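Residue numbers (this note's numbering), protein chains in the order written: chain B, 430 to 810; chain W, 5 to 305. What follows is a set of notes on a single structure, which appears directly below.
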């Protein structure tokens, strides 16, 4: 009996160990831990990007010199192993603030918002000089979408479901607007109207002065994609697999186009053609006026990263890290490079070079003309 | 997408999303519902495990006797034990085998919950790969993570405690009281180790997973209760089925080595014990005294 009890005990311990390894070994389950996908923005020959170390990095494109901000402050972790949804760095073995939004430069300040629920404004001349931080002592819910600076104000949507506006210089809060669910998208400002989508399946048009509601459009799925406003029409994608075109003035539906999966990235428009990347792995080219499909391009894997327009090309990245350029005149697609890395964040372009921030502490560069992959730049401090 | 994802994870995730949609958009209720369904599917296996473990409990006195009898001959002991198992229809590896068979299902369910919760933005992106082209699936996402007052994507202390408590209760019910101090110590260690391990893990994992663990434990507690009653919780109490029967103290006399080793309760009934019953207190077929052969120890002969 003792032998069997011992055997059973050992088996039970083994099962427990296997289970524990299974749980931890699955990387806290793929996609459970936030990693970040901040894109880059270029101003005055300097590219700003949020690194996976939780720092704002300024890369001088002339000489590749870099400057780092202090690490963004981490909110209290809730999980013992750092594996909870709100904790940071599970899978990377660090405890860094995750950054999804792309930095924005306005005047002598550069702004960034973190998954820790704080917004930071740094002096562009010295990233160690913080102009302001909001909230100063506490934390809001995580920021996933990017921010926008317009009319001297900073606009941002938060996971607490609110749209905020701040004085861009002082960081004082001006107004807020509550939607029905989380906001993970980036707002778009056109004139005196701000457009933003929410998980509550609605696109909101708000007054930039007071964030008062002008109109709202109810889709059938949540909205993460950043709206694109062009010639009085707002284009945005939804989780209901539709790309919508609604009137910017009143939110009336112009047309909608259904694909096979979610539209996550912001669409782009060139010469009356809307180019929209979809998580079904296709880029759809649609007539801006009617939504009629002109062409589609198979990129092989989900397209979640925001494309960039360079001259007469529109450049897309697939989630598996393959970079394509589509000639907007001939609608010919060309594979530029295969980075063999996950790419989810927005692309940036400067002087014929595409800057890609894949998962990891590097910045990849691809020449748009030749497709040559240039030496990567470390973002590690 | 690999085979595992295609035939296990993807269907589970989509079913869970659909269930969540039709259960008022409440993902917590969907987790409970799906856990119960999965447990019902695994019911035959679970029952086989519980019955097998009950048979093992019933064999304990006989195994203890064998150990004493063949204390110095391990090979003979092993042979006799195997013979006894064979005669009684018990498969010692059965319990562990059943657990191992169930493990992939638990892991799949765990992964499906975590993927469907899509706590991080990367998780939501990843989730898109698993979705069937059903309108209801697309319109239901992202799922609401609120359940009662909890965020299912965050660890929850109360649920972690419930994980530990329910697991302890279930294990306590299935663990027989042991007269051997060493066995009792081992059993106590196991009784506390697993619940503590899972409670500890629950403090770090999203409470959606804890909800699944608690539901599973409660399901097994109910099954255990229906099969064996309160089991180990009624430590020295006789089996409920024997209540009302007369009990006589049987003294082994000169062969007695110690009171705990050789004294036994003999149940006297009018109808006599069933041949199929593996009751440890049943003297007719199994009980015999140390140092004597089987027939000598049988008080009915």
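In this text, a Cβ means the ideal position worked out from N, Cα and C, and glycines have one as well. From a predicted model like this one, the values you see are computed outputs, not experimental measurements.
query: Which of helix, strand or coil DSSP assigns to residue 706 (chain B); result: strand
query: Pick from B:669, B:548, B:682, B:721 that is closest to residue 707 (chain B), judged by C-alpha positions; result: B:669
query: Partners in chain W for residue 668 (chain B), counting only beta-carbon separations shorter than 8 Å; result: 142, 143, 145, 146
query: Continuous alpha helix (DSSP H) stretch holding residue 62 (chain W): start and end; result: 47-73
query: CB contact check: residue 91 (chain W) to chain B, cutoff 9 Å; result: no
query: Cross-chain neighbours of residue 129 (chain W) in chain B, by beta carbon under 8 Å; result: 460, 693, 708, 731, 733, 748, 773
query: DSSP three-state assignment for residue 527 (chain B), whether helix, strand or coil; result: coil
query: Limits of the unbroken alpha helix (DSSP H) element including residue 684 (chain B); result: Counting along the chain, residue 684 (chain B) falls outside any alpha helix (DSSP H), though it belongs to the beta strand (DSSP E) covering 682-687.
query: Paired residues, beta bridge with residue 561 (chain B) - DSSP; result: B:550
query: Three CB pairs or more closer than 8 Å across the stretch 780-790 of chain B and the stretch 760-771 of chain B; result: yes
query: Three-state secondary structure assigned by DSSP to residue 496 (chain B); result: strand
query: Residue 153 (chain W) at chain B interface by Cβ criterion, 9 Å; result: no
query: Beta bridge counterpart(s) of residue 697 (chain B) as assigned by DSSP; result: B:704
query: Alpha-carbon to alpha-carbon, residue 676 (chain B) and residue 526 (chain B); result: 38 Å
query: Chain W within 9 Å of residue 664 (chain B), Cβ atoms only; result: no
query: Between the CA atoms of residue 733 (chain B) and residue 486 (chain B) - distance to the nearest angstrom; result: 23 Å
query: Chain B contact residues for residue 132 (chain W), given Cβ-Cβ distances below 9 Å; result: 668, 690, 691, 693, 708, 709, 731, 733
query: Spatial neighbours of residue 791 (chain B) in its chain, beta-carbon cut-off 7 Å, leaving aside the 5 residues before and after; result: 805, 806, 807, 808
query: 9 Å Cβ cutoff, residue 463 (chain B) in contact with chain W; result: yes
query: Cβ distance (whole Å) where residue 164 (chain W) is taken to contact residue 207 (chain W) below 8 Å; result: 5 Å
query: Own chain partners of residue 686 (chain B) with C-beta closer than 6 Å, once the 5 adjacent residues on each side are dropped; result: 672, 715, 720
query: Residue 468 (chain B) vs residue 775 (chain B) beta-carbon contact at 9 Å; result: yes
query: Under the three-state DSSP convention, the category residue 246 (chain W) falls into; result: Residue placement at residue 246 (chain W) is poorly supported in this model, since its pLDDT is 46, which falls under 50; the coordinates still yield a value, given next. Residue 246 (chain W) falls in the helix class under three-state DSSP.
query: Near-chain W residues of the stretch 625-636 of chain B (beta-carbon distance less than 7 Å), N- to C-terminal order; result: 628
query: With 16 other Cβ atoms within 10 Å as the buried cut-off, status of residue 797 (chain B); result: buried
query: Contact set between residue 561 (chain B) and chain W, taken where Cβ atoms lie within less than 9 Å; result: Neighbours of residue 561 (chain B) on chain W: none; closest Cβ ~26 Å, over 9 Å.
query: Alpha-carbon spacing of residue 516 (chain B) relative to residue 115 (chain W), whole angstroms; result: Note that residue 516 (chain B) scores a pLDDT of 41, beneath 50, so its modelled location is shaky and nothing firm can be said.
query: Cross-chain neighbours of residue 573 (chain B) in chain W, by beta carbon under 7 Å; result: 125
query: Proximal residues of chain W, C-beta to C-beta of residue 613 (chain B) below 7 Å; result: 125
query: Segment limits, beta strand (DSSP E) that includes residue 644 (chain B); result: 642-647
query: The alpha helix (DSSP H) enclosing residue 167 (chain W), as first and last residue numbers; result: 161-178
query: CB contact check: residue 15 (chain W) to chain B, cutoff 9 Å; result: no
query: Separation of residue 174 (chain W) from residue 224 (chain W), as counted between CA atoms; result: 7 Å
query: Own chain partners of residue 149 (chain W) with C-beta closer than 6 Å, once the 5 adjacent residues on each side are dropped; result: 155, 156, 157
query: Neighbour list for residue 651 (chain B) in chain W, Cβ cutoff strictly below 8 Å; result: 145, 146
query: Beta-carbon contacts of residue 36 (chain W) that lie in its chain and below 7 Å, excluding the five residues immediately before and after; result: 215, 219
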